[in-house]
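Enquirer: For the sequence shown, the positions run 23 to 664 when my numbering is used.
Glycine residues also receive a C-beta, built at the ideal position from the N, C-alpha and C atoms.
It should be emphasised that the depicted structure is a prediction, and the values quoted were computed from it without experimental measurement.
What follows is a structure written as structure tokens; I'll ask about it next.
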Amino acid sequence: MGGLLFQAFIYLCAAVIAVPIAKRLGLGSVLGYLLAGIFIGPVIGLVGSETQTIQHFAEFGVVMMLFLVGLELQPRMLWEMRNRLIGLGGLQVALTTALITAAALMMGLYWSVALTVGLIFSLSSTAIVLQTLNEKGLSKTEGGRAGFSVLLFQDIAVIPMLALIPLLALPELVGGGGDSLATAADSHGDAGHHHGMSLVAGLPGWAHALVVLGAIASVLLGGHFLSRPMFRFIAESRLREIFTASALMLVIGIALLMTLVDLSPALGTFLAGVVLANSEFRHELESDIEPFKGLLLGLFFITVGAGIDFNILFNDALTILSLTVGVIVIKGLVLYGLARAFRLTTTDGWLLTLGLAQAGEFGFVLLSFSLQNQVLPAELASTLSLVVALSMLLTPVLFILYDKLILNRQPESDQRQADNIDETGSVIIAGNGRFGQIVNRLLVASGVQTTVLDHQADIINMLSKVGVKSYYGDASRPELLHAAGIESAKAVVIAIDDRSRTLEMVEHIRRHYPEVKILARAFDVNHLYLLNKAGVDIAVRELFDSSLELGKATLKAVGVHPFKVEKMSTAFRKHDENGMNTLYELWDENTEMASNKAYLARARELGETLKEMMETDRMQLHDRSERGWTPPPKHYTKDMGE
Numbered sequence: 023m024g025g026l027l028f029q030a031f032i033y034l035c036a037a038v039i040a041v042p043i044a045k046r047l048g049l050g051s052v053l054g055y056l057l058a059g060i061f062i063g064p065v066i067g068l069v070g071s072e073t074q075t076i077q078h079f080a081e082f083g084v085v086m087m088l089f090l091v092g093l094e095l096q097p098r099m100l101w102e103m104r105n106r107l108i109g110l111g112g113l114q115v116a117l118t119t120a121l122i123t124a125a126a127l128m129m130g131l132y133w134s135v136a137l138t139v140g141l142i143f144s145l146s147s148t149a150i151v152l153q154t155l156n157e158k159g160l161s162k163t164e165g166g167r168a169g170f171s172v173l174l175f176q177d178i179a180v181i182p183m184l185a186l187i188p189l190l191a192l193p194e195l196v197g198g199g200g201d202s203l204a205t206a207a208d209s210h211g212d213a214g215h216h217h218g219m220s221l222v223a224g225l226p227g228w229a230h231a232l233v234v235l236g237a238i239a240s241v242l243l244g245g246h247f248l249s250r251p252m253f254r255f256i257a258e259s260r261l262r263e264i265f266t267a268s269a270l271m272l273v274i275g276i277a278l279l280m281t282l283v284d285l286s287p288a289l290g291t292f293l294a295g296v297v298l299a300n301s302e303f304r305h306e307l308e309s310d311i312e313p314f315k316g317l318l319l320g321l322f323f324i325t326v327g328a329g330i331d332f333n334i335l336f337n338d339a340l341t342i343l344s345l346t347v348g349v350i351v352i353k354g355l356v357l358y359g360l361a362r363a364f365r366l367t368t369t370d371g372w373l374l375t376l377g378l379a380q381a382g383e384f385g386f387v388l389l390s391f392s393l394q395n396q397v398l399p400a401e402l403a404s405t406l407s408l409v410v411a412l413s414m415l416l417t418p419v420l421f422i423l424y425d426k427l428i429l430n431r432q433p434e435s436d437q438r439q440a441d442n443i444d445e446t447g448s449v450i451i452a453g454n455g456r457f458g459q460i461v462n463r464l465l466v467a468s469g470v471q472t473t474v475l476d477h478q479a480d481i482i483n484m485l486s487k488v489g490v491k492s493y494y495g496d497a498s499r500p501e502l503l504h505a506a507g508i509e510s511a512k513a514v515v516i517a518i519d520d521r522s523r524t525l526e527m528v529e530h531i532r533r534h535y536p537e538v539k540i541l542a543r544a545f546d547v548n549h550l551y552l553l554n555k556a557g558v559d560i561a562v563r564e565l566f567d568s569s570l571e572l573g574k575a576t577l578k579a580v581g582v583h584p585f586k587v588e589k590m591s592t593a594f595r596k597h598d599e600n601g602m603n604t605l606y607e608l609w610d611e612n613t614e615m616a617s618n619k620a621y622l623a624r625a626r627e628l629g630e631t632l633k634e635m636m637e638t639d640r641m642q643l644h645d646r647s648e649r650g651w652t653p654p655p656k657h658y659t660k661d662m663g664e
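Right, dumping it as structure tokens:
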């Protein structure tokens, strides 16, 4: 027991320390787990022989991941993405597999081994790429969306790969008669091969096929017809832990059923996830399974890092590095060719190419699965595992190359040219997303002429279809503001979804066009203060008014008179504005609000006096001209004075 607790403590300690550091350095959580495993394994030797056993247990995190992937695959979303999903994603997997398989055959590998290697390296790192795209704000670009389509297809393609790999097994080729592989296979914990637990052992081929089809049909039909009544019954108990237990029971039960019929557990849970994608319990299932998936996947990546044999790298560094570079180059050539074929711009094409050129976390899964099914020799699997890990470690470097070499040198012709602005309005609106659209609609309906700018081509195209005139271009560019007629504009509304660019625009306009009124969208209080310092005339917190409206609706819903609600909200708004002005004097740009003691103390004082001030203001602000005034009920004045 003490040894188990010690090992658990070591693994958790490594994760808690390494992963936050890796994320701060921009490396991502997957690389953090890998580095943690490398540190506690090959570097300081705190873990060793038990790593393989723990890895087999942690692989259940992959089963849970594919269940969650299935939950995300709603039919409507798949249909909308069908062209890129099947075309771009399918061609990437097929071409990469073919080229790497051909290269492996040229190196003398047997065809089944070469094909397995091609499948392993055709996959990219979903976890690293999506996280990096989101962190860099590139997920909404054409290159980012194309990358998501490819990654999604790869995640789906893992399922048939897991079904195919056991068919490629050649025990005599990889030394399957040896004790080491037999031991590894036994330690996998495959329920279908323990204690005679198998539904297909000894059956003829036709009966085996019928049992397998029956198991798959039971998953599909049970998920469609039985899951909803079961989850409704459980939800009525109002016990969160029981719902969590039922979610785990579902995943584990389906995984067990698949192993009993000699299929991949991941296949069954993926199918169940797809069936439940339209269920009203989908989000609850996702939130219950996610923590277990995250922990087990993290543990899996730690064990992968701990199990990497660096002696192979030190003994044959040139070969390992050559293989790593070779994989990145081959995948890069395929991705760049597909980017050009699908008419992505040069910049977006390079984002797709450099972003997805590495191997991925599912490569470790397929390597482990191939080893257990005696498809790959153990020595080759160790070498390939090192290549996968090194290629993933190089991912941040590839994104740095994109930032420094591609973005900084992109030609003017690479992007869609800014539209020619044939008319100018008295108000320029920068950004026509959810926030800017409402501002623009109000102004246009009031007879104010506007010039709307947005740098997302899909938004411009969509708005043109509904009759809203807007222009493509980056409003933060001085020449575009000039073309939009800022010299004659009365005001500029900055409604873009970017904190830093909003601040830069305010500073530029205030410096060069001091007579123009600047109204800006503030994301939070700190951003509001930064905008005030930069010279904005009016900054509106994006969620303040909607939150206040919801609060007013809630007061009315619980029976407060509408007139009283208006008085209370008016008092609240006035004192919030006064409070913001008071706190601005104590705000320090170089000190976090949570560490600014004077700011926090004053904020507490304002909070304590707010209720008393609102009560006073409610009595003083009676005015029939105020909106919301209706004849009050009898004795209303007397009641308010109580």
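Have a look at Ser510 and Lys426 and give me their C-alpha separation to the nearest angstrom.
Expert: For the pair Ser510 and Lys426, the Cα-to-Cα distance works out to about 37 Å.
Enquirer: Can you list, in chain order, the residues of its chain with a C-beta nearer than 7 Å to that of Leu366? Leave out the 5 residues immediately preceding and following it.
Expert: Glu164, Gly165, Ala168 and Leu374
Enquirer: When we look at the beta-carbon of Asn612 and count the other beta-carbons within 10 Å, is it buried (16 or more) or exposed?
Expert: Counting Cβ neighbours within 10 Å, Asn612 comes out exposed, since fewer than 16 surround it.
Enquirer: How far does the beta strand (DSSP E) with Thr472 in it extend, from its first residue to its last?
Expert: Taken as a continuous stretch (DSSP letters only), the beta strand (DSSP E) holding Thr472 covers Thr472 to Asp476.
Enquirer: Any beta carbon from chain B within less than 8 Å of Ser492's own beta carbon?
Expert: In the structure shown, chain B cannot be found, because there is only a single protein chain.
Enquirer: Consult DSSP for Ala497 and reduce its assignment to one of helix, strand or coil.
Expert: coil
Enquirer: Could you spell out where the alpha helix (DSSP H) holding Arg250 opens and where it closes?
Expert: Ser249 to Ala257
Enquirer: What is the C-beta distance between Leu190 and Val349, in whole angstroms, given that I count them as a contact (C-beta under 8 Å)?
Expert: In fact, because the Cβ distance is near 20 Å, the residues do not count as touching under 8 Å.
Enquirer: Could you work out which residue in Val580, Leu572, Asp567 and Asp520 is closest to Leu553 when comparing CA atoms only?
Expert: Ranking Val580, Leu572, Asp567 and Asp520 by Cα distance to Leu553 puts Asp520 first.
Enquirer: Compute the distance between the beta-carbons of Ser171 and Gly111, then report whether it is under 8 Å.
Expert: yes
Enquirer: Where do the N-terminal and C-terminal ends of the alpha helix (DSSP H) with Val69 fall, by residue?
Expert: Segment: none, Val69 is in no alpha helix (DSSP H) and carries neither H nor E.
Enquirer: Could you check which residue in Met414, Leu360 and Val85 has the C-alpha nearest to that of Leu318?
Expert: Val85
Enquirer: Tell whether a beta-carbon distance below 8 Å holds between Leu243 and Val283.
Expert: no
Enquirer: Pro251: buried (16+ other C-beta within 10 angstroms of its C-beta) or exposed?
Expert: exposed
Enquirer: Is the beta carbon of Leu321 closer than 8 Å to that of Ala80?
Expert: Yes, the Cβ-Cβ distance between Ala80 and Leu321 is below 8 Å.
Enquirer: Would you mind reading off the limits of the alpha helix (DSSP H) that contains Lys589?
Expert: Pro584 to Tyr606
Enquirer: Around the C-beta of Lys315, are 16 or more other C-beta atoms found within 10 angstroms, so that it is buried, or is it exposed?
Expert: buried
Enquirer: What's the call for Lys353, buried or exposed, on a 16-neighbour Cβ count within 10 Å?
Expert: By the 10 Å Cβ count, Lys353 comes out buried.
Enquirer: Got a sec? Which residues, its chain only, sit under 8 Å from Met183 by beta carbon, not counting five neighbours each side?
Expert: If you ignore the 5 residues before and after Met183, its C-beta comes within less than 8 Å of the C-beta of Leu141 and Leu388, all in its own chain and listed in chain order.
Enquirer: Tell whether a beta-carbon distance below 8 Å holds between Leu90 and Ile311.
Expert: yes
Enquirer: For the alpha helix (DSSP H) containing Leu160, name the first residue and the last one.
Expert: Here Leu160 belongs to no alpha helix (DSSP H), and DSSP marks it neither H nor E.
Enquirer: Just to confirm my understanding: we take Gly245, look at its own chain, exclude 5 residues before and 5 after, and list those with CB closer than 6 Å. What are they?
Expert: Ala294, Val297 and Leu298
Enquirer: Hey, could you find the ends of the alpha helix (DSSP H) Ala277 is sitting in?
Expert: Arg262 to Leu282
Enquirer: For Ile350, report the span of its alpha helix (DSSP H) as first-last.
Expert: Ala339 to Ala363
Enquirer: Quick check on the DSSP output: the alpha helix (DSSP H) that includes Ala116 runs from which residue to which?
Expert: Gly112 to Met128
Enquirer: Does the Cβ-Cβ distance between Ser286 and Leu192 come in under 8 Å?
Expert: no
Enquirer: Provide the residue span of the alpha helix (DSSP H) that contains Arg532, from first to last.
Expert: Arg521 to His534
Enquirer: What is the DSSP secondary structure of Ile39, reduced to helix, strand or coil?
Expert: helix
Enquirer: Between Tyr494 and Gly455, what straight-line distance do the alpha-carbon atoms span, to the nearest angstrom?
Expert: 13 Å
Enquirer: Could you spell out where the alpha helix (DSSP H) holding Arg456 opens and where it closes?
Expert: Arg456 to Ala467
Enquirer: Using only CA atoms, which one of Phe265, Leu88 and Leu93 lies nearest to Asp177?
Expert: Leu88
Enquirer: Let me know the secondary structure DSSP gives Val222 once reduced to three states.
Expert: coil
Enquirer: Give the C-beta separation of Leu107 and Leu100 to the nearest angstrom, bearing in mind that I take them to be a contact with Cβ-Cβ under 8 Å.
Expert: 7 Å
Enquirer: Helix, strand or coil for Leu366 per DSSP?
Expert: DSSP places Leu366 in coil when its eight states are reduced to three.
Enquirer: Can you list, in chain order, the residues of its chain whose CB lies under 6 Å from that of Ser147, leaving out five sequence neighbours each side?
Expert: Once the five neighbours on either side are set aside, the close Cβ partners of Ser147 are Gln380, Gly382, Glu383 and Met414.
Enquirer: Would you give the residue range spanned by the beta strand (DSSP E) that Val514 belongs to?
Expert: Ala513 to Ile516
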